[in-house]
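Novice: Okay, here's the structure, questions in a sec.
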Amino acid sequence: MAIKLEDKKAIVAEVNEAASAALSAVVADARGVTVGAMTGLRKEAREAGVYVRVVRNTLLKRAVEGTQFDVLNDVFKGPTLIAFSNEHPGAAARIFKEFAKGQDKFEIKAAAFEGQFLAANQIDVLATLPTYDEAISQLMSVIQGATSKLARTLAAVRDQKEAAAA
0 MAIKLEDKKA
10 IVAEVNEAAS
20 AALSAVVADA
30 RGVTVGAMTG
40 LRKEAREAGV
50 YVRVVRNTLL
60 KRAVEGTQFD
70 VLNDVFKGPT
80 LIAFSNEHPG
90 AAARIFKEFA
100 KGQDKFEIKA
110 AAFEGQFLAA
120 NQIDVLATLP
130 TYDEAISQLM
140 SVIQGATSKL
150 ARTLAAVRDQ
160 KEAAAA
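Numbering-wise (numbering that gives the first Met the number 0), the sequence shown opens with residue 0 and increments by one.
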């Protein structure tokens, strides 16, 4: 089905706007995935602040031109499903990776983060990034461990001086 020029321009503008505001992008091939499964994926992505769109490759190349995601141009072959993470850089990668476990035909092609190309086998780097809350809790546990060790050391020094004074 042919798309009118105005519609193509609208698609390019919409995807470019999403790409300009995004933190990361993940590209996948969803050939053979059922409509019901794709609907579930889109719903989960929306809830996580991820923009998901199936776009023709020529339009997608124009849309990401001049953004940090133009490094993905070489993987825009065949049916392309692209997801832009808006709130957390690893959100789209995490959703796609989890979705791929249950779908044999769903194939993650590549990802991009901060202008760097990540091949499909490197997607774990992006998917395992901690969320803001997880990072804060990790930092707090490190601080708590350091302060408790300092308190134990100071108590040991005090006890040692008291024993030497007696």
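All C-beta atoms, glycine included, are put in the ideal place defined by N, C-alpha and C.
Owing to the predicted nature of the structure, the values given are computational and were not obtained by experimental measurement.
DSSP three-state label for V70, please.
Specialist: Numbered from its first residue, the sequence shown carries residue 70 at position 71. The answer is helix: DSSP assigns V70 an H, G or I state.
Novice: Give me the Cα-Cα distance between I142 and T152, rounded to the nearest whole angstrom.
Specialist: Counting from one through the sequence shown, the residue named residue 142 turns up at place 143. Counting from one through the sequence shown, the residue named residue 152 turns up at place 153. About 15 Å.
Novice: Which residue from A118, A29 and E43 puts its Cα closest to that of D103?
Specialist: Translated into positions along the sequence shown, residue 103 becomes position 104. For the set A118, A29 and E43, the Cα lying nearest the Cα of D103 is the one of A29.
Novice: On the three-state DSSP scale, how would you describe A165?
Specialist: Numbered from its first residue, the sequence shown carries residue 165 at position 166. Reduced to three states, the DSSP call for A165 is coil.
Novice: Rounded to whole angstroms, what's the CA-CA distance from P88 to A47? Just pull it up for me.
Specialist: Residue 88 sits at position 89 when you count from the first residue of the sequence shown. Residue 47 sits at position 48 when you count from the first residue of the sequence shown. P88 and A47: Cα-Cα distance of roughly 11 Å.
Novice: If you reduce the DSSP assignment to three classes, tell me which class R55 lands in.
Specialist: Locating residue 55 in the sequence shown gives position 56, counting from the first residue. It is coil, neither helix nor strand.
Novice: Are there 16 or more other CB atoms within 10 angstroms of the CB of V54, so buried, or fewer, so exposed?
Specialist: Counted from its first residue, the sequence shown places residue 54 at position 55. Looking at its Cβ environment, which holds 16 or more other Cβ atoms inside 10 Å, V54 is buried.
Novice: According to DSSP, is K76 part of a helix, a strand, or is it coil?
Specialist: Reading the sequence shown from its first residue, position 77 is the one you call residue 76. It is coil, neither helix nor strand.
Novice: Please state whether the Cβ-Cβ distance between I107 and F116 is less than 9 Å.
Specialist: Here residue 107 refers to the residue found at position 108 when the sequence shown is read from its first residue. Here residue 116 refers to the residue found at position 117 when the sequence shown is read from its first residue. No, the Cβ-Cβ distance between I107 and F116 is not below 9 Å.
Novice: Have a look at L80, A134 and A111 and flag the residue whose alpha-carbon is nearest the alpha-carbon of L40.
Specialist: Looking up residue 40 in the sequence shown gives position 41. Checking every option, the nearest Cα to that of L40 belongs to L80.
Novice: What residue ranges within the segment 107-149 form continuous alpha helix (DSSP H) runs of no fewer than 4 residues, ordered along the chain?
Specialist: 122-126
Novice: What is the rounded straight-line gap between the Cα of L149 and the Cα of A27?
Specialist: Counting from one through the sequence shown, the residue named residue 149 turns up at place 150. Counting from one through the sequence shown, the residue named residue 27 turns up at place 28. If you take the alpha carbons of L149 and A27, they lie about 49 Å apart.
Novice: Measuring from the CB of K148, is there a heavy atom of the ligand GTP at a distance below 8 Å?
Specialist: Judged by which ligands are present, the structure shown has none, so any question about the ligand GTP falls away.
Novice: In whole angstroms, what separates the C-alpha of D158 from that of A164?
Specialist: Locating residue 158 in the sequence shown gives position 159, where the first residue counts as 1. Locating residue 164 in the sequence shown gives position 165, where the first residue counts as 1. Looking at the two C-alpha atoms, the distance is approximately 10 Å.
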